[in-house]
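Enquirer:
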Amino acid sequence: MEWPYFYIRDEPRPAPVHHWDYRLGRDDHALCGHPFDQPLEQTSFRPQSVCPKCEKLLPAWLSQLWEDWAAEQDREVEAVVAWYEKEVERLERKLRAARPEEEKRLERSMRARRRPSVRIVRGGLPGLGKRG
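Residue numbers (UniProt numbering): 1 to 132.
Put into structure tokens, the structure is as follows:
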């Protein structure tokens, strides 16, 4: 991800182009604190000469921007994790509530399928035992 830069030229001075004040959001000052008399141009294309003070302050601003962005992403991830944890708890409760009913139904079906046991009487032939 790349952040947009805005370069501003001050009309009466042929000085280098400055970065817009990203930190404080001021329209009348540059990132380095240079006050604008008449801001002439605002462009996102990098000009050939940019104020060295602005360029020096840019990494600190970018660092803060990335930290803020990362903190926002962490909050979003934590919210999603919390939602999934609640959903898992809800589904586990539903499963525990349904399990006894399922076990009873399974037990009834097993009883219905159970064949009576066979008792062998002494002296009988195989397969001719008494059913008990």
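Heads up, the beta-carbon is just placed ideally off N, CA and C, and yes, glycines get one too. On a predicted model such as this, the values are computed, not experimentally measured, just so you know.
1) Candidates 108, 104, 22 and 54: which alpha carbon is nearest residue 64's?
2) At a cut of 8 Å, does the region 70-77 reach the region 18-37 through at least three beta carbon pairs?
3) Among all the DSSP beta bridges, which residues are the ones paired with residue 10?
4) Leaving out the 5 sequence neighbours to the left and right, which residues in its chain are closer than 6 Å to residue 18 when beta-carbon positions are compared?
5) Among 104, 11 and 83, whose alpha-carbon lies nearest the alpha-carbon of residue 41?
6) What's the gap between the Cα of residue 93 and the Cα of residue 78?
7) Is it buried or exposed for residue 66, if we count other Cβ within 10 angstroms and need 16 for buried?
8) Just to confirm, is the Cβ distance from residue 32 to residue 62 under 8 Å?
9) Alpha carbon to alpha carbon, how far is residue 76 from residue 82?
10) Can the beta-carbon of residue 4 be found less than 8 Å from the beta-carbon of residue 49?
11) Thinking just about the alpha-carbon of each residue, which of 6, 25 and 98 is nearest to the one in residue 47?
Expert: Quick answer:
1) If you compare the alpha carbons of 108, 104, 22 and 54 with that of residue 64, the shortest gap goes to 22.
2) No, because fewer than three Cβ pairs between the region 70-77 and the region 18-37 fall closer than 8 Å, the two stretches do not touch.
3) Its beta-bridge partners are 39.
4) Here the set comprises 8, 30, 34, 51 and 54.
5) The residue with the shortest Cα to Cα distance from residue 41 is 11.
6) As the crow flies, the alpha-carbon of residue 93 is around 23 Å from that of residue 78.
7) Classification of residue 66: exposed, given that the 10 Å Cβ count is below 16.
8) Against a cut-off of 8 Å, the Cβ pair of residue 62 and residue 32 comes out as no contact.
9) Approximately 10 Å between the Cα atoms of the pair.
10) Taking 8 Å as the Cβ cut-off, residue 4 and residue 49 do not qualify as a contacting pair.
11) Here the closest residue by C-alpha is 6.
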